[in-house]
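Undergrad:
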Amino acid sequence: MLLAGRPFCLRPGGEAHAPLCVLPRYLLCGVRVCLAGPGPWDRVTLRSCRGSWCSCRTPWGGGPVLFGGLPPGTYALTLRRGERALHCLLELPPGVNVELCWAPALGRLTWRHDPFHYRFNST
């Protein structure tokens, strides 16, 4: 049980008069990044703005880069192609997935909310 965000235990036969907060079924988040015409010098870095978690990936074979099972919060996303870099700040509410596509040759970044709930979204 949760009381104001802190766990507590009831003894057998005990009662609690407190507001309880139920976690949503889909709490974790995901980010999918697509790069147009990926090359060997491309890097995608996602950093948590709340902690020290960071992941840097290379889009091998032209496929998307996926980050799943992320706690909700604010993240710094850096898309790098050689000397060029694009920095984004993402605010992920509970259970949200987003897809970003970057075409550096065209100077275009598009994004969309992905409403589907994947296995990594479940708590």
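First residue of the sequence shown: 1205, per the working numbering; consecutive thereafter. Beta carbons are placed, not taken as given, at the ideal position from N, Cα and C, and that holds for glycine.
From what residue to what residue does the beta strand (DSSP E) around A1240 run?
TA: Segment: none, A1240 is in no beta strand (DSSP E) and carries neither H nor E.
Undergrad: Tell me whether W1245 sits in a helix, a strand or coil according to DSSP, three-state version.
TA: Coil, per DSSP.
Undergrad: Does DSSP classify W1257 as helix, strand or coil?
TA: Correct three-state label for W1257: coil.
Undergrad: Measuring only the C-alpha atoms, how far is H1317 from W1264?
TA: In a straight line, the C-alpha of H1317 is about 24 Å away from that of W1264.
Undergrad: Might you give, ordered along the chain, the residues of its own chain that have their beta carbon closer than 8 Å to the beta carbon of Y1230, omitting 5 neighbours on each side?
TA: So the list reads P1298, G1299, H1321, N1325, S1326 and T1327, once near-sequence residues are dropped.
Undergrad: Taking the DSSP output, what are the residues bridged to N1325?
TA: Answer by DSSP bridge pairing: none, since N1325 is not bridged.
Undergrad: Going by DSSP in three states, G1299 sits in which element: helix, strand or coil?
TA: Note: G1299 maps to coil in three-state DSSP.
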